[in-house]
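Below is one structure, written out as structure tokens; the observations come after it.
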Amino acid sequence: MNAKRLLHKDGTWAAILLLPNILGFFIFTLFPVAASFLLSFTSWDMLQPIQWVGLQNYTELFRDEIFVKVFWNTLYFSAVTVPSGIVISLLLAVALDQGIKGIKFYRAAYFLPVISSMVAVAVVWQWIYNPEYGVLNYFLGLIGIDGPSWLTSTVWAMPAVMITSIWKGLGFNMLIFLAGLQSIPDSYYEAADIDGARRIDKFRYVTVPLLSPTTFFVTVMSFIGSFQVFDSVFLMTQGGPARSTSVIVHYLYENAFKYFRMGYASSMAYVLFFMVLIITLIQFWRQKKWGVY
Amino acid sequence: MKRLGWILAFVLLFSVLLAGCGGSGGTANTSGNDNSQDSGVGDAAGGPDKAVTLKFMGWEASPLETESVKNGLKAFMEKYPNIKVEYTPVPGAQYSSKLLTMLAGNAAPDVFFLGSTDYRAFRERGVLLDLTPQFGAEFSVDDFIPSAAHIMQIDGKVFGVSSCTVSPVLYYNKSLFDKAGVPYPPSDPAKAWTWREFVDNAKKLTVKNGDKVDQYGAYGFENFYMTVAQIYSNGGQLFNEDGTKMSINSPEAKEVLQAILDLRKKEGAAPEAKMLENIGMRPAQMLQTGKVAMLIDGSWALQELAQMNFPVGVGVLPKFKEPATHGQAHVHAAWANTKHPKEAWELIKFLSSEEYQIQLIKEGLWMPNRKSLYTEEGIARWYNDKVHPEGFKDMVSYFNDAKEYPFALIRQSKVNDIITEEMDKFWYADQTADKTVENIESRANVELAK
Amino acid sequence: MKTNMGLRVAAHVFLGLGALTMIFPFLWTLSTSLKNISEVFVFPPTFFGEKIHWENYLRISDRFPFDLYFLNSLKITVIVVIAQLITSSMAGFVFARLRFRYRDLLFGLYLATMMVPGQVTMIPNFIVMRLYGLVDTHWSLILPALVSAFGTFLLRQFFLTIPAALEDAAKMDGCTPFGIYWRIFIPLSKPAMATLGVFVFMGIWNDFLGPLVYINSQNKMTLPLGLASMQGMYSTDWPVLMAGTVISIIPVIVVFLLAQDFFIRGVTLSGLKGE
Chain A
1105 MNAKRLLHKD GTWAAILLLP NILGFFIFTL FPVAASFLLS FTSWDMLQPI QWVGLQNYTE
1165 LFRDEIFVKV FWNTLYFSAV TVPSGIVISL LLAVALDQGI KGIKFYRAAY FLPVISSMVA
1225 VAVVWQWIYN PEYGVLNYFL GLIGIDGPSW LTSTVWAMPA VMITSIWKGL GFNMLIFLAG
1285 LQSIPDSYYE AADIDGARRI DKFRYVTVPL LSPTTFFVTV MSFIGSFQVF DSVFLMTQGG
1345 PARSTSVIVH YLYENAFKYF RMGYASSMAY VLFFMVLIIT LIQFWRQKKW GVY
Chain B
10 MKRLGWILAF VLLFSVLLAG CGGSGGTANT SGNDNSQDSG VGDAAGGPDK AVTLKFMGWE
70 ASPLETESVK NGLKAFMEKY PNIKVEYTPV PGAQYSSKLL TMLAGNAAPD VFFLGSTDYR
130 AFRERGVLLD LTPQFGAEFS VDDFIPSAAH IMQIDGKVFG VSSCTVSPVL YYNKSLFDKA
190 GVPYPPSDPA KAWTWREFVD NAKKLTVKNG DKVDQYGAYG FENFYMTVAQ IYSNGGQLFN
250 EDGTKMSINS PEAKEVLQAI LDLRKKEGAA PEAKMLENIG MRPAQMLQTG KVAMLIDGSW
310 ALQELAQMNF PVGVGVLPKF KEPATHGQAH VHAAWANTKH PKEAWELIKF LSSEEYQIQL
370 IKEGLWMPNR KSLYTEEGIA RWYNDKVHPE GFKDMVSYFN DAKEYPFALI RQSKVNDIIT
430 EEMDKFWYAD QTADKTVENI ESRANVELAK
Chain C
29 MKTNMGLRVA AHVFLGLGAL TMIFPFLWTL STSLKNISEV FVFPPTFFGE KIHWENYLRI
89 SDRFPFDLYF LNSLKITVIV VIAQLITSSM AGFVFARLRF RYRDLLFGLY LATMMVPGQV
149 TMIPNFIVMR LYGLVDTHWS LILPALVSAF GTFLLRQFFL TIPAALEDAA KMDGCTPFGI
209 YWRIFIPLSK PAMATLGVFV FMGIWNDFLG PLVYINSQNK MTLPLGLASM QGMYSTDWPV
269 LMAGTVISII PVIVVFLLAQ DFFIRGVTLS GLKGE
């Protein structure tokens, strides 16, 4: 009797069903988050004994010219890729929402870069950017522009990495926008038609405001993603030339797995965490203010 | 009961057999092996009795090199049938951090390649087996050319042994010289071109087609590995005597940096270092296809160039004050915690033997690190006229007398990254030579003090 | 809403140009993979070489165990996808339907860690793997990926939308919570599970940083890492490099075409998260 009762109790089953998940969660997420925090106050190369150094890593961050540089590079990267990625993908989604034919084809085409690994696309982009034989400068040449040597210029290497990143992420955001657009009831547009609104007005006064939760979500996710950019930089420029494309995660990787400064690298991870936290808090604050959707 | 007896007998028999070929847990070569004569090895090496497997890791610089290493290992295993070597080539770019990870993870290979620029840093971390006694019993540092001897010794001790030396040299495409009517660059160090002569000839070898340059005079000096040789040639230094401070902030170094930059910017006789690499060609291909007439590259490139079917020549670098180049090479080292230090040493010893290095020298990949191979008879043992171009014998002393590659003598690998970063600014972003050496010195000194 | 002809043409032109930009690099990869090396160095660039050089594809396998990379990727991805579906659905069910003490606190913890960047956990995880000698094994890639807060969250959200009436009937019949999970929730949530599966597949199959940090031996590399190491070694043999790239992309395209709807739904669903 007792055993049967136990079988029907939520608590019992919660424990059983949660166990594997919780184990994994504690070992590979919660514990590392805490450990990393502690590590950020130490100096350790994994070979010699670990040393407690207090806040030294964090003070060093601000004095380390390279870190300051990669920090700004990261912000530069985000400030360009996020807005331009959003504007372009929104326009594409709007175009796709005009009830045109071939929507499946377009969707697939725009999604191709999303599903491919950065490793695969980095090779061909390097070739596209090639100053002598590359296609990009060839096309630029056709319209009379003398293209730069993209990946080796301290000025143009970062824009090159940005272009590739935007290109890769467009399809993803476009689909989210498309879903958002399709969830706007037709009745709103019909009402606007009755008021004799022009197309551009409808876009401005109906589409944009009703889409704002989606836009906001995409913005937040894009920012968080762009703070963590690594693959494209590592594969296309290795952070060069003269660190002009090096970003936080790239420098973190170098410190952890090249210079073996685990503590210092952990402090960078926490700076990154802090940046993400700020963005997330903004989102919470906005949800509170505007109500939950 | 009877059955049990049989089983026991079998077990006994098997354990005897097993003991005969190694088994486990026994104390090392003590006794009881007199009945193993039948193995028929009878090798002079005699050595260890247990069959062991050594893990050996190296980088894959080129498929040809990996092939050569594998051939060498085959010869080694024939000589020492009790040692089995498992070779893992790891792709080059992340090699040293991968290796350090494995060492830190207590899962390191027994023997491994180690870049000379990492050698002192690894020693500092205490992960390398001290080879001093074994080395002393077999070799004398005086047998090695000065640069190799100096690099291998850390405070009088040896933790890794090199198999060769490599140095920057000047390659040229003979047909382009013939076409322009320019004399070939000299291969005798005593007759080295002055920088001025070099620049003049490079200009003559630069071919323009309207705005576009079809053929550049020279390529390669903007790579810091090559730049260093010219700083030496001008009497400049990178570090002080004991490698604790930078001393690159000198008029000599600045003059060299400016001269190399001028070769591209003022004289238009050289392309941007990265631009040509961005073309997606190897330096050797640029020389072959006539993109450049002269190429400054490491001596290892000869292996590739010799197979490319065009008239290639090798000469010494131009000089500022004195003809100079530098030399270094990776060492073979063993892990401090290896379970088979004895066998590891046998392998390292084999890898640095003349017999092993000669096969790679013959192919043009390496140059010898032994004085004995720089004598007339010595040279005859490796000289290969299919690979080594005319006049190569004249420049042999160049390698023998090469100075130590300075980065092999310090233990902070981050210094190299700082220099790369500052030099990028100098080559590509108009940072002045004054500012560049100043920045390098102040930033690198912070690292060197650590 | 209705749109006029002119606008639709404009939309087609805009979308078409965009689609070309999206596809072009892939076509270029394919065309380069069939050229010989000297045709690569031609200016102005040409799309087709004189002859189709299939042998570039054979040359890859000469030196690179591509089949091995492929199998490694497949093995790791399949294990992780299945494991995450199991762990996430069980936990998602618990958080959505069962009542117990500290449930909300615990779930809050899951939510909170979702915003922790992977780089924060990377270093301690590496140290743990090193401690247990798992560096350079596939375990180091599989173990940390068995459970995901995101997957748990995604399925919990979906389970919340399943009407309670369905399980009430089952409860009457004497079903245990597990029975409800297994007989009702799992069958009803196939689309959501497929969506999560597709997402995880994409993430694990294309992961680069993980293998870069953990895997050293060539025979244990995954496809992206193997491809990257090949790029390092054959930095200038463009046709062979591109051939390797083509081979690595094909499985993803196939999976995408087969499961396109789930991909789309997955993206849409993750988009709903913010609303």
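Residue numbers (this note's numbering), protein chains in the order written: chain A, 1105 to 1397; chain B, 10 to 459; chain C, 29 to 303.
All residues carry an ideal CB built from backbone N, CA and C; glycine is no exception.
Please read all numbers here as calculations on a predicted model, not as lab measurements.
Exercise. Classify residue 47 of chain B as helix, strand or coil using the three-state DSSP reduction.
Key: The pLDDT assigned to residue 47 of chain B is 38, lower than 50, so where the model puts this residue is not dependable; a value taken from the coordinates is nonetheless given after this. Residue 47 of chain B: helix per DSSP, three-state reduction.
Exercise. Hey, could you find the ends of the beta strand (DSSP E) residue 341 of chain B is sitting in?
Key: Annotation for residue 341 of chain B: the continuous beta strand (DSSP E) segment containing it runs 340 to 343.
Exercise. Kindly indicate if chain B contains any beta-carbon less than 8 Å away from that of residue 1347 of chain A.
Key: yes
Quiz item: Count the other CB atoms within 10 Å of the CB of residue 76 of chain C; is the residue buried (16 or more) or exposed (fewer)?
Solution: exposed
Exercise. Identify the contact partners of residue 201 of chain B in chain C, using a Cβ-Cβ distance below 7 Å as the criterion.
Key: Correct list: empty, because the minimum Cβ distance to chain C is about 31 Å.
Exercise. Kindly indicate if chain A contains any beta-carbon less than 8 Å away from that of residue 225 of chain C.
Key: no
Quiz item: alpha helix (DSSP H) containing residue 125 of chain B: first to last residue?
Solution: 125 to 133
Exercise. Pick helix, strand or coil for residue 153 of chain B, following the three-state DSSP scheme.
Key: strand
Quiz item: In terms of alpha-carbon separation, which member of B/151, B/344, B/206 and B/111 lies closest to residue 120 of chain B?
Solution: B/344
Practice problem: Leaving out five residues on either side along the sequence, give the residues of the same chain with a beta carbon under 7 Å from the beta carbon of residue 221 of chain C. | Solution: 113 and 117
Exercise. Show which residues of chain B have a CB atom less than 7 Å away from the CB atom of residue 245 of chain C.
Key: 97
Quiz item: With 16 other CB atoms within 10 Å as the buried threshold, where does residue 41 of chain C fall?
Solution: exposed
Quiz item: Where does residue 379 of chain B sit, in a helix, a strand or coil, going by DSSP?
Solution: In the structure shown, residue 379 of chain B sits in a strand (DSSP, three-state: E or B).
Quiz item: Could you give the C-beta distance for residue 1046 of chain A and residue 145 of chain C, rounded to a whole number, given that I count them as a contact under 8 Å?
Solution: As displayed, chain A neither begins before 1105 nor continues past 1397, which places residue 1046 of chain A out of reach and without an answer.
Self-check item: residue 1212 of chain A beta carbon less than 8 Å from that of residue 126 of chain C
Solution: In this structure, residue 1212 of chain A does not lie closer than 8 Å to residue 126 of chain C by Cβ.
Quiz item: If you count every other CB in all the chains shown that lies within 10 Å of the CB of residue 1382 of chain A, and 16 or more means buried, which is it?
Solution: exposed
Self-check item: CA nearest to the CA of residue 75 of chain B, picked from B/234, B/229 and B/374
Solution: B/374
Practice problem: Below 6 Å CB to CB, which residues in the same chain sit around residue 20 of chain C once its five sequence neighbours on both sides are set aside? | Solution: Nothing can be reported for residue 20 of chain C, as the shown portion of chain C is limited to 29 through 303.
Quiz item: Per DSSP, residue 1147 of chain A forms a beta bridge with which residues?
Solution: A/1155
Exercise. Please determine, among B/334, B/292 and B/238, the residue with the shortest C-alpha to C-alpha distance to residue 317 of chain B.
Key: B/292
Quiz item: Is the shortest distance between the beta-carbon of residue 1366 of chain A and the beta-carbons of chain C less than 8 Å?
Solution: yes
Quiz prompt | chain C contact for residue 1117 of chain A (CB, 8 Å cutoff) | solution = yes
Self-check item: Neighbouring residues, chain B, relative to residue 1344 of chain A (Cβ below 7 Å)
Solution: Neighbours of residue 1344 of chain A in chain B, taken as residues whose beta carbon is under 7 Å from its own, are 433 in chain order.
Quiz item: Thinking C-beta only, is residue 169 of chain B closer than 8 Å to residue 104 of chain B?
Solution: no
Self-check item: Neighbour-count burial assignment, residue 204 of chain B, 16 or more Cβ in a 10 Å radius
Solution: The residue in question, residue 204 of chain B, is buried, as its Cβ has 16 or more Cβ neighbours within 10 Å.
Quiz prompt | Buried versus exposed, by CB contacts within 10 Å (16 or more), residue 376 of chain B | solution = buried
Exercise. Give the single residue among B/341, B/384 and B/351 whose Cα lies nearest to the Cα of residue 362 of chain B.
Key: B/341
Quiz prompt | Start and end residues, alpha helix (DSSP H) containing residue 76 of chain B | solution = 72 to 88
Quiz item: So, are the CB atoms of residue 228 of chain C and residue 108 of chain C less than 8 Å apart?
Solution: yes
Quiz item: Can you name the start and end residues of the alpha helix (DSSP H) that residue 1286 of chain A belongs to?
Solution: 1261 to 1286
Quiz item: Is the shortest distance between the beta-carbon of residue 35 of chain B and the beta-carbons of chain A less than 8 Å?
Solution: Residue placement at residue 35 of chain B cannot be trusted, given a pLDDT of 33 that sits under 50; the coordinates are not used to answer.
Quiz item: Any residues in the segment 123 to 148 of chain B with a beta carbon nearer than 8 Å to a beta carbon of chain A? Which ones, in chain order?
Solution: 134, 135 and 136
Quiz prompt | Residue closest to residue 1169 of chain A, alpha-carbon to alpha-carbon, out of A/1281, A/1391 and A/1350 | solution = A/1350
Practice problem: Could you tell me the distance, in whole angstroms, from the CA atom of residue 191 of chain C to the CA atom of residue 1198 of chain A? | Solution: 34 Å
Quiz item: Taking Cβ-Cβ distances shorter than 8 Å, what residues in chain C pair up with residue 263 of chain B?
Solution: In chain order: nothing, as chain C lies at least about 33 Å away.
Quiz prompt | Distance between residue 257 of chain B and residue 449 of chain B (C-alpha atoms, nearest Å) | solution = For residue 449 of chain B and residue 257 of chain B, the distance between alpha carbons rounds to 8 Å.
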